[in-house]
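K.L.:
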Amino acid sequence: MSTYGVWTTQYGVPAFAYTLDQERDARAEWDPVLDPPTRRHFAHVGNRRITLVSDNYGLSDLFDEHTGLLWLTRGTGVTRLGGLSTDISGSERVFGPTFAIVRVADERVALERTVLCPEGEQPWVLIRLRVRNLLDAPMRMELIEEWTAGAARVELITGAAAADDPGLELELLGGARTRAGRLEVPLELDAGGERVLDFRFGLLDSRSEPASFERSLEALRARLPRAEAGRAPEAEREIPWHAALLTGAACADGVLGGHTLDQGSCYSFRHGFNGAARDPLQHALPLVYVEPDLALSVLRNTCAWGGPDGDLPYALGPDKRPWTDLFRPSDQNLWALWLAAEYLSATGDEAAFHATVPYHPIHEAPEVPLHENLRRQFRFLADVVGRGEHGHLRILNADWNDLAIGESGVPREVMIAQGESVLNSAMAAWVLPRYATLAERLGDDATAAEARKLGEELRELVAGEWNGRWYRRAYGPGAIVGDDDLWLEVQPWAILCGAAPPERAVELLRTIERTSAADSPLGARLRWPARDAYGPGGTGTIWYAINMTLVWAAAAHLPELAWDWWRRMTLAAHTAAYPDVWEGTLSGPDAYLAPETGRPGRTWDLAEVGIAMQAYPVANLHSHSQPLLAYLRLLGVEPFQRPRGGARFASPVLEVGP
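Read in order, the letters of the sequence shown correspond to residues 1 to 658 in full-length UniProt numbering.
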């Protein structure tokens with residue numbers, strides 16, 4: 001059971017009742033590493049434009065990524081009624097998938113306050129107040145609703161800097177509207193009487209009709225997927241929860257078009273960048289089966305990061321300009337080709353690939369059809385990333401693992417110039433045949449043939465990297481990486497791409513269970529043998545993105561083990577293993593530290609260079625997208641093949657039965 005509270009249901013959807021008194025209970029304090037210890041616990045929810053950060057003090061932050069990384073408010077939003085206030089730790093607090101509730105009462109009156117992100121792209125929140133007279137006599141009181149503007153733009157690495165108020169307003173629906181952030185409403189209540197008041201706060205547009213509180217909740221219930229799995233009862237609660245927090249992190253992009261769906265967590269909210277480009281593409285994969293229009297919008301948006309040569313930059317800075325100072329990954333085009341194939345397979349929407357998509361404005365290049373943008377990305381992969389001495393795709397200065405170069409043991413500049421990634425080859429051997437099918441359907445037979453041929457050649461090369469225990473990870477001049485230690489990230493892809501015959505796949509999966517996954521309640525470690533390592537490339541880290549592929553790879557060969565590994569990815573598993581750790585209760589980071597590390601169940605830091613996931617260890621979208629995608633893969637939901645079932649999943653666009 002969690003130290004912080006219990007799961008419940010509110011408005012017909014999963015919610016979490018926070019019951020801890022953080023002021024009195026010493027377990028509430030945690031260390032963000034880069035900042036002073038704190039007792040504040042918070043959760044992120046949203047719609048397709050605004051992000052609401054609700055905390056255990058009953059306060060709210062609002063975040064908007066429409067034109068940059070902008071905090072609209074920090075620690076505000078209070079209702080006062082007589083001697084009651086909603087910002088006290090003794091209140092009843094509930095975290096919902098798009099809302100937060102605070103309930104307070106005294107001997108005279110009860111007050112329930114719900115802050116809701118309305119469905120759609122509204123850049124404001126709804127506040128519903130329900131006031132009930134507990135006396136046997138009429139009463140008159142004054143209610144005060146108050147929000148304080150606190151705009152701050154997140155800057156690279158250094159954090160947030162004060163910014164001008166973008167024009168925040170508070171409105172009593174059907175009544176007054178102000179930029180002062182405070183409204184007073186006189187109340188007269190009969191004995192035992194009740195009154196409901198609705199406010200909205202944020203970037204109000206006089207042309208838009210305020211969304212209905214009831215209609216928003218009805219739409220939320222209708223769009224969230226439903227799940228039921230005998231081998232994983234947690235799925236019934238966690239699948240809709242993950243879908244809500246994933247879609248709630250989207251933001252309509254006012255610069256590049258479409259929707260951004262970045263990692264969040266320390267990357268956006270603390271360190272000021274949207275990266276890497278692979279991440280929004282990866283986050284959007286399960287949305288193909290939940291809200292495919294949003295998945296397509298994210299694909300278009302991320303393709304618009306790049307230029308006409310097909311290169312995707314590592315990240316966007318806080319001003320939405322390409323940020324390439326840190327990494328130049330070699331794998332990013334593969335994720336765009338993968339998402340495109342997944343989308344076409346699920347929807348059959350060929351017209352989407354004939355619609356034009358822009359390039360980043362800095363290139364001053366004309367728009368091209370989406371299929372042409374993707375073709376140029378394939379060309380960049382084949383011609384610029386290219387292949388090395390052993391025939392594998394080159395690594396440049398990183399592949400999926402940002403720190404693979406440094407961990408390789410090969411001199412950095414030599415590895416950048418000549419290094420090869422078996423991981424890239426294995427992933428490409430799976431992705432490229434699916435992209436080839438897309439190209440064929442769109443009439444580009446020449447590109448399809450080339451992509452399929454390259455995928456087949458890479459699959460054969462990966463098959464040759466078996467060393468008797470696992471698959472090697474990379475090559476440098478005169479060096480083999482991953483012969484003496486197991487690098488987890490390449491192993492599932494070797495199975496998925498067909499490089500491992502069935503008997504070898506089973507052998508490898510059993511080896512992983514005995515080594516990387518042994519005695520680990522949250523999943524398999526990135527490297528084995530494991531050491532106490534805190535950095536993001538450390539051996540003692542457990543990554544959602546890699547454990548997703550591991551579950552997927554095991555699904556067809558050892559389904560019982562696959563379900564066991566999926567359950568280790570759940571919020572329930574983290575709570576059972578680490579009930580006193582807030583991250584992992586409702587949301588999480590991109591990776592956890594393994595049991596043998598100094599901070600098990602928490603997450604990594606590079607404090608010496610001023611970067612730490614532990615500084616903002618929740619609201620990373622891998623913690624929501626990857627369990628959702630892994631669940632779909634367990635049911636056999638893959639591009640260009642029929643699901644096999646075994647459990648239940650139902651969304652407005654897909655239904656799979658047991």
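For every residue, glycine included, the Cβ atom is placed at its ideal position computed from N, Cα and C.
(1) Taking the beta carbon of residue 315 as the centre, do at least 16 other beta carbons fall within 10 Å, making it buried, or is it exposed?
(2) Taking the beta strand (DSSP E) that residue 159 belongs to, which residues open and close that run?
(3) Where does the unbroken beta strand (DSSP E) through residue 43 begin, and where does it stop?
(4) Taking one C-beta from the region 547-566 and one from the region 398-411 each time, how about it: are there three or more such pairs within less than 8 Å?
(5) Quick check on residue 49: buried or exposed, where buried means 16 or more other Cβ atoms within 10 Å of its Cβ?
(6) Taking residue 17 as part of the beta strand (DSSP E), name the residues at either end of that continuous run.
(7) Pick out the complete alpha helix (DSSP H) segments inside the region 559-628, 4 residues or longer, and give them in chain order.
(8) Cβ atoms of residue 639 and residue 667: under 8 Å apart, would you say?
(9) On the CB-based measure, 16 or more other CB atoms within 10 Å of its CB, does residue 77 come out buried or exposed?
(10) Just verifying my parser: in three-state terms, what is the DSSP assignment at residue 400?
(11) Considering only residues of the region 465-500, which uninterrupted alpha helix (DSSP H) runs meet the minimum length of 4 residues and lie entirely inside it, listed in chain order?
(12) Using the beta-carbon count (16 or more within 10 Å), is residue 38 buried or exposed?
(13) For a quick check, are the C-beta atoms of residue 424 and residue 330 less than 8 Å apart?
(14) Does DSSP classify residue 196 as helix, strand or coil?
(15) Could you check the C-alpha separation between residue 619 and residue 190 for me, to the nearest Å?
(16) Would you tell me roughly how many angstroms separate the C-alpha atoms of residue 307 and residue 166, rounded to the nearest one?
(17) List the endpoints of the continuous alpha helix (DSSP H) containing residue 293.
(18) Out of curiosity, what's the CA-to-CA distance linking residue 521 and residue 573?
(19) Classify residue 32 as helix, strand or coil using the three-state DSSP reduction.
(20) Can you list, in chain order, the residues of its chain with a C-beta nearer than 6 Å to that of residue 311? Leave out the 5 residues immediately preceding and following it.
(21) With 8 Å as the threshold, decide whether the Cβ of residue 225 is near any Cβ in chain B.
(22) From this set, 232, 230 and 225, which residue's C-alpha is nearest residue 239's C-alpha?
(23) Rank 355, 320 and 271 by C-alpha distance to the C-alpha of residue 300 and give the top, closest one.
(24) Under 8 Å Cβ to Cβ from residue 155, same chain only, skipping five residues before and after it: list those, please.
(25) Sorted by chain position, which residues of the same chain lie with C-beta nearer than 6 Å to residue 599's C-beta, five sequence neighbours on each side aside?
(26) Output the distance between the C-alpha atoms of residue 578 and residue 601, rounded to the nearest integer angstrom.
(27) Can you tell me whether residue 138 is buried or exposed, with buried defined as 16 or more other CB within 10 angstroms of its CB?
(28) Quick one, which of 228, 431, 8 and 53 has its alpha-carbon nearest residue 649's?
(29) Taking 8 Å as the threshold, find out whether the region 428-439 comes into contact with the region 333-345 through three or more Cβ pairs.
P.N.:
Taking the geometry as given:
(1) buried
(2) 159-162
(3) 42-46
(4) no
(5) buried
(6) 13-18
(7) 559-568 and 571-577
(8) Nothing about residue 667 can be read from this structure; the chain reaches only from 1 to 658.
(9) buried
(10) coil
(11) 490-496
(12) exposed
(13) yes
(14) strand
(15) 43 Å
(16) 31 Å
(17) 292-303
(18) 7 Å
(19) coil
(20) 380
(21) The structure shown has no chain B; it contains just one protein chain.
(22) 225
(23) 355
(24) 161, 272 and 318
(25) 593
(26) 6 Å
(27) exposed
(28) 228
(29) yes
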